[in-house]
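Encoded as structure tokens, the structure appears first; notes follow it.
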Amino acid sequence: MATRDRESIAGSCDIDPERLLKVAVANYEDVILDLHEMRASLRASESYSEAEFRRVVTMVSRSVQTVYDERKRLDDFWKRQAGAGDDGSFDMEAARAEIGRRLDRIRSAQDAGDLPR
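Last residue of the sequence shown: 501 (the working numbering), numbering continuous.
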């Protein structure tokens, strides 16, 4: 990863969350495909003993599961960021409250003469 990219991800407040999500998803997909190819290659290989083969396939399978677990955590995080409830539903009450707060700010800005009518 380029230094500029690392600095941008680590220290910037203007990160585009959608772009970051797309990058993360693409990375998860790449890892899953690589692990799938590795497992297929191991199965086709005859240079491993039965015990060693099982050990390596188990490690690859655990790696695949870890990637899936991390992907689920990422999905859950983005759902929470978007205002979805624990069951994945959209929290209408929270949305109404946020809309109300924003409308109140607009109204008070208009009353103060900050915004043209």
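Backbone N, C-alpha and C fix where the C-beta goes; we use that ideal spot for every residue, glycine too.
When A479, S431, R455, R427 are compared, the shortest CA-CA separation from V407 is found for R455.
Excluding sequence positions up to five before and after Q465, its CB lies within less than 8 Å of the CB of P401, all in the same chain and listed in chain order. Shown here for Y432: not one same chain residue has a beta carbon closer than 6 Å to its own, the five before and five after excluded. Look at the beta carbons and you see the segment 409-420 touching the segment 441-451: at least three pairs across the two are nearer than 8 Å. In the structure shown, the three-state DSSP call for Y452 is helix.
Within the same chain, L426, Y432 come within 8 Å of V440 by CB-CB distance, once the 5 residues on both sides are set aside.
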